[in-house]
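Number of protein chains: 2
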Amino acid sequence: MSTIKDVARVAGVSVGTVSHYLNGTTRVTRAKAERIQEAIDALGYQVDLGARGLRSGTTKTVGLLVPNISNPFFGEIARGIEHALTERDYLTFLCDTGDDPRREEAYLANLASRRVDGALVIYADQGADPRRLRPLVDVPLVYVDRGVPGMPSVTSDNRLGGRLAARHLIELGHQRIGAMLGRPDVANVAARYEGFCDELAAHDLEVPDELLLTGRQTLAFGSEVDRLMRLDMPPTAIFTTNDIVAIGAWQKLMSLGLRVPDDVSLVGFDDIELSRTILPPLTTVAQSVPEIARRAVARLLSLIPSEAPARSGPHSAALDDVPIEPRLVVRESTAPPPLTEARFRNLGVMPLAN
Amino acid sequence: MSTIKDVARVAGVSVGTVSHYLNGTTRVTRAKAERIQEAIDALGYQVDLGARGLRSGTTKTVGLLVPNISNPFFGEIARGIEHALTERDYLTFLCDTGDDPRREEAYLANLASRRVDGALVIYADQGADPRRLRPLVDVPLVYVDRGVPGMPSVTSDNRLGGRLAARHLIELGHQRIGAMLGRPDVANVAARYEGFCDELAAHDLEVPDELLLTGRQTLAFGSEVDRLMRLDMPPTAIFTTNDIVAIGAWQKLMSLGLRVPDDVSLVGFDDIELSRTILPPLTTVAQSVPEIARRAVARLLSLIPSEAPARSGPHSAALDDVPIEPRLVVRESTAPPPLTEARFRNLGVMPLAN
DNA sequence: TTGAAAGCGCTAACAC
DNA sequence: GTGTTAGCGCTTTCAA
Numbered sequence: 043m044s045t046i047k048d049v050a051r052v053a054g055v056s057v058g059t060v061s062h063y064l065n066g067t068t069r070v071t072r073a074k075a076e077r078i079q080e081a082i083d084a085l086g087y088q089v090d091l092g093a094r095g096l097r098s099g100t101t102k103t104v105g106l107l108v109p110n111i112s113n114p115f116f117g118e119i120a121r122g123i124e125h126a127l128t129e130r131d132y133l134t135f136l137c138d139t140g141d142d143p144r145r146e147e148a149y150l151a152n153l154a155s156r157r158v159d160g161a162l163v164i165y166a167d168q169g170a171d172p173r174r175l176r177p178l179v180d181v182p183l184v185y186v187d188r189g190v191p192g193m194p195s196v197t198s199d200n201r202l203g204g205r206l207a208a209r210h211l212i213e214l215g216h217q218r219i220g221a222m223l224g225r226p227d228v229a230n231v232a233a234r235y236e237g238f239c240d241e242l243a244a245h246d247l248e249v250p251d252e253l254l255l256t257g258r259q260t261l262a263f264g265s266e267v268d269r270l271m272r273l274d275m276p277p278t279a280i281f282t283t284n285d286i287v288a289i290g291a292w293q294k295l296m297s298l299g300l301r302v303p304d305d306v307s308l309v310g311f312d313d314i315e316l317s318r319t320i321l322p323p324l325t326t327v328a329q330s331v332p333e334i335a336r337r338a339v340a341r342l343l344s345l346i347p348s349e350a351p352a353r354s355g356p357h358s359a360a361l362d363d364v365p366i367e368p369r370l371v372v373r374e375s376t377a378p379p380p381l382t383e384a385r386f387r388n389l390g391v392m393p394l395a396n
Numbered sequence: 043m044s045t046i047k048d049v050a051r052v053a054g055v056s057v058g059t060v061s062h063y064l065n066g067t068t069r070v071t072r073a074k075a076e077r078i079q080e081a082i083d084a085l086g087y088q089v090d091l092g093a094r095g096l097r098s099g100t101t102k103t104v105g106l107l108v109p110n111i112s113n114p115f116f117g118e119i120a121r122g123i124e125h126a127l128t129e130r131d132y133l134t135f136l137c138d139t140g141d142d143p144r145r146e147e148a149y150l151a152n153l154a155s156r157r158v159d160g161a162l163v164i165y166a167d168q169g170a171d172p173r174r175l176r177p178l179v180d181v182p183l184v185y186v187d188r189g190v191p192g193m194p195s196v197t198s199d200n201r202l203g204g205r206l207a208a209r210h211l212i213e214l215g216h217q218r219i220g221a222m223l224g225r226p227d228v229a230n231v232a233a234r235y236e237g238f239c240d241e242l243a244a245h246d247l248e249v250p251d252e253l254l255l256t257g258r259q260t261l262a263f264g265s266e267v268d269r270l271m272r273l274d275m276p277p278t279a280i281f282t283t284n285d286i287v288a289i290g291a292w293q294k295l296m297s298l299g300l301r302v303p304d305d306v307s308l309v310g311f312d313d314i315e316l317s318r319t320i321l322p323p324l325t326t327v328a329q330s331v332p333e334i335a336r337r338a339v340a341r342l343l344s345l346i347p348s349e350a351p352a353r354s355g356p357h358s359a360a361l362d363d364v365p366i367e368p369r370l371v372v373r374e375s376t377a378p379p380p381l382t383e384a385r386f387r388n389l390g391v392m393p394l395a396n
């Protein structure tokens with residue numbers, strides 16, 4: 043592997059000149075520039091970015107901590123982030139924490155040793171305080187998706203998302219509404235459900251205790267939906283705090299011979315790709331993944347000193363921690379509530395009242 | 043950020059000694075070792091892995107090229123690989139190529155500049171010759187999932203997988219069998235279908251032209267299954283070259299009021315997590331993702347000179363390119379073919395013959 | 001066992 | 001514009 047020295051020798055110039063040519067730090071005469079380029083081509087020279095980093099103090103690398111890269115939602119975020127970073131000439135260290143706070147800490151220590159220029163973290167939502175991660179690296183750190191109050195965060199307005207879902211169901215005429223929640227100590231889940239209840243309350247509605255299910259945000263949890271549907275008075279609509287749960291519920295409903303939205307409406311959250319392709323396509327609160335990714339990277343870069351301050355013009359929104367507005371995507375899993383008679387017949391039980 | 047020099051000064055020893063202590067290169071007297079450790083703790087010293095890499099010629103990093111990290115199958119592989127690599131103290135550069143050969147090349151060039159110790163690649167299956175990637179880096183490169191004959195590759199025995207699927211359907215008594223394939227110029231797809239046809243042929247069966255559908259391996263393609271089911275003589279079983287397509291088909295079938303496996307059996311390929319959770323759970327040819335990941339990393343490390351030769355004992359299978367045996371996972375999407383009369387009634391068309 | 005010193009490939013300050 | 005050179009933080013001879 044040839045070095046800058048070799049290039050200099052072959053081109054008949056000094057290493058300094060080659061370096062200037064490479065970095066555009068100074069003008070280089072046309073003639074020398076050509077000779078240098080020829081030497082580079084001839085030798086197949088490639089800069090050693092590690093050496094450059096040692097000298098310049100900036101490695102052009104960023105660490106990305108995700109709980110589980112095989113979860114399509116995180117996968118989509120990681121993809122967006124990685125692409126945005128690549129565009130700015132950064133390479134991404136993938137750190138799959140498995141939602142384990144200990145692994146999370148180990149990764150951050152390693153990243154610190156690697157002198158990454160920054161870190162993007164979707165923290166492990168297992169009770170450990172996300173703030174403890176901040177001091178583990180002394181470079182900019184931005185929390186993504188799962189925000190941390192008072193720290194640079196890029197997240198959706200989960201509360202608003204919950205409100206949008208509720209409003210939609212209310213407008214369709216639903217009154218008996220159930221909910222299937224991820225663990226409520228997870229900040230995003232809590233915010234979504236709070237927003238949902240807020241909006242309900244504004245219309246003198248609420249989710250009755252017997253229509254509230256809590257669990258992990260998995261397909262398996264979603265399939266517990268039958269516990270709701272076997273009640274004497276099943277809900278006419280169900281809100282779930284993410285799409286995976288909604289899809290799990292939908293599968294179970296189908297297997298029970300219940301139709302969505304004819305027998306029960308379903309609203310999800312996230313808008314993962316799968317939601318668009320199931321039948322009927324899911325009405326859901328869409329988080330704009332590309333927007334989250336874009337903003338996360340912009341925010342991080344704005345904190346990296348070696349980056350030109352993003353823009354001198356009007357203070358860019360990307361630099362603040364304004365939560366990203368989710369939007370309701372109405373598809374075909376929601377409809378007005380079924381007539382009482384019809385649905386009880388479908389469910390194979392007698393209505394309590396006609 | 044403090045350096046090894048600071049540690050040496052505080053501990054009152056030379057940098058060389060600190061380095062030896064850090065790397066265990068030489069015994070260090072108890073007293074000095076303690077003083078060094080104290081200095082390290084006091085200063086919060088962390089080695090600069092970049093500087094170490096420059097000097098030692100090994101960066102302890104590996105590049106991972108994947109077509110699309112938000113595809114759960116690749117996500118699972120990436121996850122397994124990243125974990126295995128982390129265990130061996132390597133950090134992973136995530137490179138999402140978007141199945142674009144040009145991006146693929148750009149990434150490899152960048153990785154070369156970063157002096158990674160090796161690269162793992164699931165190449166972009168878009169017609170570009172995967173072999174062209176080999177010379178772009180001068181470190182070990184292992185092809186994963188999508189193998190390349192004659193190059194270090196870790197893949198499943200796709201041909202065998204196809205055979206297993208066929209055998210299963212034959213044993214159940216199916217004779218009229220359809221198939222939904224990804225683009226047949228994709229090596230893995232071709233191998234799966236060849237194996238499938240081989241086994242069929244061994245039993246004097248074949249997939250008639252009108253029961254063969256080709257497309258991209260997406261949910262959307264899967265939903266074209268109705269083209270098969272609307273034929274005068276629809277298949278009693280369908281083989282798909284991956285689970286995503288099978289799931290797409292399954293969704294469409296449900297929406298048409300057809301039951302799996304009552305009306306038609308479905309066999310997938312891959313065994314992604316989702317297959318286990320749909321209803322009925324999918325019969326599929328399982329690729330052992332953990333095994334692929336483990337083997338890929340073992341193979342790569344075996345090619346990295348700075349790694350101790352994996353094991354001196356009996357030549358480890360992990361070091362060869364023996365394809366990994368897939369296994370058939372029989373779940374509930376397959377059953378004996380329906381009686382002719384019953385199925386034509388279900389499909390709402392008249393049987394051609396009784 | 002320890003210290004001194006060279007040098008990995010590069011950038012940047014400085015002198016010309 | 002261009003060349004020379006110090007030095008980024010570390011490992012690794014080589015002597016002692």
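Going down the list, the sequences are from chains A and B.
Residue 294 in the working numbering sits at position 252 of the first sequence, and the numbers go up by one each step.
Residue 119 in the working numbering sits at position 77 of the second sequence, and the numbers go up by one each step.
Just so it is clear, CB atoms sit at the ideal spot from N, CA and C, and this is done for glycine as well.
Being a predicted model, the structure only gives us computed values, none of them experimental.
CB contact check: residue i to chain A, cutoff 7 Å
i                 : result
Ala53 of chain B  : no
Leu270 of chain B : no
Leu107 of chain B : no
Val366 of chain B : Note that residue 366 of chain B corresponds to Ile in the displayed sequence, not to Val. So, not an interface residue.
Ile320 of chain B : yes
Glu118 of chain B : yes
Chain B contact for residue i (CB, 7 Å cutoff)
i                 : result
Thr139 of chain A : no
Gly49 of chain A  : At residue 49 of chain A the sequence reads Val, which differs from the Gly that was named. No, its Cβ sits nowhere closer than 7 Å to a Cβ of chain B.
Pro378 of chain A : no
Thr283 of chain A : no
Ser354 of chain A : Confidence in Ser354 of chain A is poor, its pLDDT being 49 and thus under 50, which makes the residue's placement too unreliable to answer from.
Glu124 of chain A : yes
Within chain B, the residues that residue i reaches when beta carbons sit closer than 8 Å
i                 : result
Ile212 of chain A : Here the premise fails: no neighbours, minimum Cβ distance about 28 Å.
Asp187 of chain A : Here the premise fails: no neighbours, minimum Cβ distance about 14 Å.
Leu183 of chain A : Within 8 Å Cβ-Cβ: nothing; Leu183 of chain A doesn't reach chain B, min ~16 Å.
Gly290 of chain A : Thr319
Proximity winner among the options, relative to residue i (alpha-carbon distances)
i                 : options                                   : result
Val186 of chain B : B:Val364, B:Ala338 and B:Thr139           : B:Ala338
Ala288 of chain A : A:Asp274, A:Val306, A:Ala154 and A:Ile119 : A:Val306
Asp83 of chain A  : A:Pro114, A:Gly95, A:Gly92 and A:Met43    : A:Met43
Thr100 of chain B : B:Ala340, B:Ser348 and B:Leu247           : B:Ser348
Ala207 of chain A : A:Tyr87, A:Pro109 and A:Cys239            : A:Cys239
Gly224 of chain A : A:His216, A:Gly203, A:Gly257 and A:Glu248 : A:Gly257
Asp171 of chain B : B:Asp180, B:Leu133 and B:Val190           : B:Val190
Val331 of chain B : B:Gln88, B:Ala53, B:Phe115 and B:Ser98    : B:Phe115
Gly203 of chain B : B:Val49, B:Leu295, B:Ala154 and B:Thr283  : B:Thr283
Distance, residue j Cα to residue i Cα
i                 : j                 : result
Asp312 of chain B : Thr71 of chain A  : 58 Å
Val163 of chain A : Leu106 of chain A : 6 Å
Leu150 of chain B : Leu273 of chain B : 48 Å
Arg400 of chain B : Leu300 of chain B : Chain B is shown from 43 up to 396; residue 400 of chain B falls before or after that span and cannot be answered.
Pro379 of chain B : Pro194 of chain A : 59 Å
Val249 of chain A : Ala377 of chain A : 19 Å
Proximal chain A residues relative to residue i, where beta-carbon distance stays under 8 Å
i                 : result
Asn200 of chain B : The premise fails here: Asn200 of chain B is roughly 21 Å from chain A at the closest Cβ pair, so nothing lies under 8 Å.
Arg121 of chain B : Asn110, Ile111, Ser112 and Asp138
Asp180 of chain B : Met43
Residue i: contacting residues in chain A (beta-carbon distance under 7 Å)
i                 : result
Phe135 of chain B : Leu133, Thr134 and Phe135
Thr101 of chain B : Gly92
Contact set between residue i and chain B, taken where Cβ atoms lie within less than 7 Å
i                 : result
Leu261 of chain A : Thr319
Item to check | Interface residues of the region 82 to 96 of chain B facing chain A [CB-CB below 8 Å] | outcome: With the criterion set as a beta carbon lying under 8 Å from some beta carbon of chain A, the members of the region 82 to 96 of chain B are Gln88, Val89, Asp90, Leu91, Gly92, Ala93, Gly95 and Leu96, in sequence order.
Checklist entry - Any residues in the region 144 to 173 of chain A with a beta carbon nearer than 9 Å to a beta carbon of chain B? Which ones, in chain order? => result So the close ones are Arg145, Ala148, Tyr149, Ala151, Asn152, Leu153, Ala154, Ser155, Arg156 and Arg157.
Checklist entry - According to a CB-to-CB cut-off of less than 8 Å, which residues of the region 293 to 311 of chain B neighbour chain A? => result For the region 293 to 311 of chain B, the set of residues with a beta-carbon nearer than 8 Å to any beta-carbon of chain A comprises Gln293, Lys294, Met296 and Ser297, in chain order.
Next on the checklist: For the region 52 to 79 of chain A, list every residue whose C-beta sits within 9 Å of some C-beta in chain B, in sequence order.
Outcome noted: Residues of the region 52 to 79 of chain A whose Cβ lies closer than 9 Å to any Cβ of chain B: none.
Item to check | Under 7 Å (Cβ pairs) to chain B, residues found in the region 243 to 262 of chain A | outcome: Under the 7 Å Cβ criterion, the region 243 to 262 of chain A contributes Leu261 and Ala262.
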